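Converting from the sequence shown to my numbering requires adding 27 to each position, the first position being numbered 1. Glycine included, every Cβ here is placed at the ideal spot set by N, Cα and C. Quantities reported herein were computed from a predicted structural model and do not represent experimental measurements.
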Amino acid sequence: MQTFFPVTLSSLKTDTIIGCDIYLLVSDNGRSRYVLYCKGDTAFENEKRELLVRKNVNRLFIGKDDKQKYSEYLESNLQHILSDEKIQPEEKAQIVYGTGTTMLHDVFKEPVHRNIVRSQAFAYNMIDYILRDGRAAYNLLKITSHDYYTYTHSVNVATIGSLFARNIGLNEKDMKSFCTGMLLHDLGKTKISSSILNKKGPLTDEEFGKIKMHPETGAKILRESGSSFKDEYAVILQHHENCDGSGYPYGLKKDDIHYVARLVHIIDIYDALTTRRSYSPPQKPFDSLRLIKTEMYNSVDHAMLKSFIKFLGGHSG
Ligand SMILES: [Fe+2]
């Protein structure tokens, strides 16, 4: 039997092909059933929308197997959705986060040009949304996932990092390339086996050597995909460099590390600590920041950490 997944009427744009069948849940004589309302290959016309608006219906359904198609539909209409005042702020944040994780899942599975371009388009839409919508920060920070997957971690880092970047006054152009870099910062991990990435015990030197290669591998994948990036490379190549020179892959010291990479370094550690890992439960924000301050202080930019703590304090509770 087919199972269904709820979607909202407000997320569907008039006169677009949604790409998957849309159903209504109707009740006849106390029995509920799903009825086909709009076929996936026909346009969702205004008449159809108006009829539902008049009946006060905002909850529609798609087949559970069509979740990917629906997410792709949202992704390609993201700009429209995020500027639509009829859509609730909480729903916008859910759509941004949901389409971001689905999109990155595809990018990490198949890091080719057409997917990498999607991450850039997504980053541009997300930054426009963050800059335009005063409630974006509150709603986005509320929903970042606490379960760790490379792609959810990357969306978390890009979300927290972009909001922090706005907070410390980065301009729009830098925010957009910075956000793209953050989404792709761990792209090189797609070439490391999951048995190493999710290993519970300590890593051998050989395994750690493989982990250390992911910044350069990520940059190589990007270069070979033929995508035209510039500043994004600093985030990917330098996000594991420590200010005291003990990081990898180059052992750069503070002044030689791009300031955006210093920023990502802090958020990368913070998100890894606050999410659930195969080898440890999630830590509370306060405990994570204390751990960075006591045990990793020499590896991070002190002034930036101070600003980050202040930024998080302003958005907690
Ligand atoms: Fe990394």
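Taking 3 residues as the minimum length, the beta strand (DSSP E) runs contained wholly in the stretch 40–66 are 49–55 and 58–65, in order along the chain.
The beta carbon of H292 sits no closer than 7 Å to any heavy atom of ligand 1. The beta carbon of D213 sits closer than 7 Å to at least one heavy atom of ligand 1. In terms of Cβ geometry, I45 and Y100 form a close pair [threshold 8 Å].
The secondary-structure analysis by DSSP pairs P33 across a beta bridge with F88. Where T126 is concerned, the enclosing alpha helix (DSSP H) starts and stops at P116 to K136. Contact annotation: the stretch 231–242 does not touch the stretch 151–162, with fewer than three C-beta pairs closer than 8 Å. Taking 8 Å as the cut-off, the Cβ atoms of F135 and T217 count as close.
Across the set S307, G274 and I296, the C-alpha of I296 shows the shortest separation from the C-alpha of L316.
For E72 and R141, the gap between their C-alpha atoms comes out near 30 Å.
Between A120 and I170, the C-beta spacing is below 8 Å. In this structure, the CA atom of P312 is about 16 Å from the CA atom of H292. Close CB contacts of G274 within its chain, under the 7 Å cut and outside five residues either way in sequence, are with H267, E268 and S326 (chain order).
Beta-carbon to beta-carbon, D328 and K281 are separated by about 6 Å, close enough to satisfy the 8 Å threshold. Excluding the 5 residues flanking it on each side, S252 has same chain C-beta neighbours closer than 8 Å at P138, V139, H140 and I143, in chain order. In terms of side-chain proximity, the C-beta atom of H285 is found no nearer than 7 Å to any non-hydrogen atom of ligand 1. Assignment of K280 by DSSP, reduced to helix, strand and coil, places it in the strand class. For R304, the secondary structure class from DSSP, reduced to helix, strand or coil, is coil.
For S38, the closest C-alpha among the options L63, R81, S103 and K66 is that of S103.
A residue is called buried once 16 or more other Cβ atoms fall within 10 Å of its Cβ, and L167 is buried on that count. Leaving aside the five residues that flank I195 on each side, the residues in its chain whose CB is nearer than 7 Å to its CB run, in chain order, S334.
Taking the Cα of K94 as reference, the smallest distance to any Cα among T179, T129 and K66 is reached at T129.
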